[in-house]
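One structure is given below, encoded as structure tokens.
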Amino acid sequence: KAGVTQTPRYLIKTRGQQVTLSCSPISGHRSVSWYQQTPGQGLQFLFEYFSETQRNKGNFPGRFSGRQFSNSRSEMNVSTLELGDSALYLCASSRGPGETQYFGPGTRLLVL
Amino acid sequence: EDQVTQSPEALRLQEGESSSLNCSYTVSGLRGLFWYRQDPGKGPEFLFTLYSAGEEKEKERLKATLTKKESFLHITAPKPEDSATYLCASRQDNTDKLIFGTGTRLQVFP
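Listed below in structure tokens is the structure:
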């Protein structure tokens, strides 16, 4: 069974640009969550989607947004990039809310 | 505020030298305590979920236990391939929001 896939794996952007990251969950999984991982803050929850609806949101500015499609695939968008947005962005999928989450390999974003 | 604290930050072990990693949590109404392993440049790999005090789970050289305030990950006779960062996370409700600790970086030397 294929795991969670994330594209792209690496990305370099400049301040002020915007970026869209993509996540394909494990087949049959309907919940997708996003996390930001940095050396200083560790793993921090961004948001959670189930059945195309955002169920929960972490403490991040409105520049961070996401969506989920009818096939459970998800995208997250960061607008007006700042240097501090440089991080590993991880997507995790589960069968449904409250089930065990399985993580993808992440997208490493560098903002210059 | 809900919090998860892991100790030690880093641990160096000789191959075969058993030890334990600690995870303290202050989540009210715990709905799951999770352990993940993360290798450099990769996403976290699921290891265990514990739900109630007294519960134990084992996988190869790893054993996770849970009390009302802490969880321990015991590593018995570790091998160099056990070297990784071990992450602990709590969940307080039936959502997918996990609160992670900052991890314990384990290095096992031959």
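As they're listed, the protein sequences go chains A and B.
Count along the first sequence from 1, add 2, and you get the number used in this note's numbering.
Count along the second sequence from 1, add 108, and you get the number used in this note's numbering.
We treat Cβ as the ideally placed atom computed from N, Cα and C, and that holds for glycine.
Cutoff 7 Å; reference residue i; Cβ partners in own chain excluding five residues on either side
| i | result |
| --- | --- |
| Ala161 of chain B | Leu174, Thr175 and Lys176 |
| Pro116 of chain B | Thr212 |
| His31 of chain A | Ser74, Ser95, Ser96 and Arg97 |
| Gln122 of chain B | Phe217 |
| Thr40 of chain A | Ala89 |
| Leu138 of chain B | Ser198 and Gln200 |
| Pro107 of chain A | Gln8 and Arg11 |
Neighbouring residues, chain B, relative to residue i (Cβ below 9 Å)
| i | result |
| --- | --- |
| Pro10 of chain A | Within 9 Å Cβ-Cβ: nothing; Pro10 of chain A doesn't reach chain B, min ~15 Å. |
| Pro107 of chain A | Gly149, Lys150 and Gly151 |
Same chain, Cβ closer than 6 Å to residue i, five either side skipped, listed in chain order
| i | result |
| --- | --- |
| Leu206 of chain B | Ala197 and Arg199 |
| Val135 of chain B | Asp110, Ser198 and Gln200 |
| Leu129 of chain B | Leu181, Tyr194 and Thr212 |
| Arg2 of chain A | Past the boundaries of the shown model lies residue 2 of chain A; chain A is included only from 3 to 114, so the question cannot be answered. |
| Gly124 of chain B | Ala185 |
| Met78 of chain A | Leu23, Trp36 and Gly68 |
| Phe142 of chain B | Thr157 and Ala197 |
The beta strand (DSSP E) enclosing residue i, as first and last residue numbers
| i | result |
| --- | --- |
| Ala197 of chain B | Ala192 to Ser198 |
| Phe180 of chain B | Glu178 to Ile183 |
| Tyr133 of chain B | Ser127 to Tyr133 |
| Tyr159 of chain B | Note, Tyr159 of chain B: premise wrong, no beta strand (DSSP E); not H, not E. |
| Gln70 of chain A | Phe66 to Gln70 |
| Phe125 of chain A | Nothing in the structure corresponds to residue 125 of chain A, since chain A is present only between 3 and 114. |
| Glu84 of chain A | Premise fails: Glu84 of chain A is in no beta strand (DSSP E) and is neither H nor E. |
| Thr109 of chain A | Thr109 to Val113 |
Between the CA atoms of residue j and residue i - distance to the nearest angstrom
| i | j | result |
| --- | --- | --- |
| Arg69 of chain A | Gln56 of chain A | 7 Å |
| Val21 of chain A | Leu119 of chain B | 37 Å |
| Phe62 of chain A | Leu48 of chain A | 7 Å |
| Leu90 of chain A | Pro10 of chain A | 12 Å |
| Leu112 of chain A | Ile14 of chain A | 5 Å |
| Glu178 of chain B | Ile28 of chain A | 31 Å |
| Gln38 of chain A | Ser127 of chain B | 30 Å |
| Glu163 of chain B | Gly149 of chain B | 31 Å |
| Gly60 of chain A | Glu50 of chain A | 9 Å |
| Glu166 of chain B | Glu101 of chain A | 19 Å |
| Ser53 of chain A | Ala4 of chain A | 21 Å |
| Val112 of chain B | Tyr133 of chain B | 4 Å |
Beta bridge counterpart(s) of residue i as assigned by DSSP
| i | result |
| --- | --- |
| Val34 of chain A | A:Tyr51 and A:Ser95 |
| Thr9 of chain A | A:Ser24 |
| Val216 of chain B | B:Leu121 |
| Thr113 of chain B | B:Ser132 |
| Ser76 of chain A | A:Cys25 and A:Gln70 |
| Gly100 of chain A | Paired residue(s): none; Gly100 of chain A is not in a bridge. |
| Thr16 of chain A | Paired residue(s): none; Thr16 of chain A is not in a bridge. |
Residues that residue i contacts on chain A, provided the C-beta gap is smaller than 8 Å
| i | result |
| --- | --- |
| Glu211 of chain B | The sequence shown places Gly at residue 211 of chain B, not Glu. Residues of chain A passing the Cβ test: Gly44. |
Cutoff 8 Å; reference residue i; Cβ partners in own chain excluding five residues on either side
| i | result |
| --- | --- |
| Gly140 of chain B | Thr157, Leu158, Tyr159, Ser198 and Arg199 |
| Glu153 of chain B | Tyr144, Arg145, Gln146 and Asp147 |
| Leu169 of chain B | According to the sequence shown, residue 169 of chain B is Arg rather than Leu. So the qualifying residues of the chain are Ile183, Thr184, Ala185, Pro186, Lys187 and Asp190. |
Within chain A, the residues that residue i reaches when beta carbons sit closer than 7 Å
| i | result |
| --- | --- |
| Phe180 of chain B | By Cβ distance, chain A contributes nothing, its closest Cβ being about 20 Å from Phe180 of chain B, past 7 Å. |
| Phe208 of chain B | Gly44 and Leu45 |
Chain A residues whose Cβ lies nearer than 9 Å to that of residue i
| i | result |
| --- | --- |
| Leu195 of chain B | Gly44 and Leu45 |
Interface residues of chain B facing residue i [CB-CB closer than 7 Å]
| i | result |
| --- | --- |
| Thr102 of chain A | Phe154 and Thr157 |
Amino acids of chain B, ordered along the chain, whose beta-carbon sits closer than 8 Å to that of residue i
| i | result |
| --- | --- |
| Leu92 of chain A | Gly151 and Pro152 |
Any non-hydrogen atom of the ligand HEM within 7 Å of residue i CB
| i | result |
| --- | --- |
| Ala161 of chain B | With respect to small molecules bound, the structure shown includes none, and the ligand HEM cannot be examined in it. |
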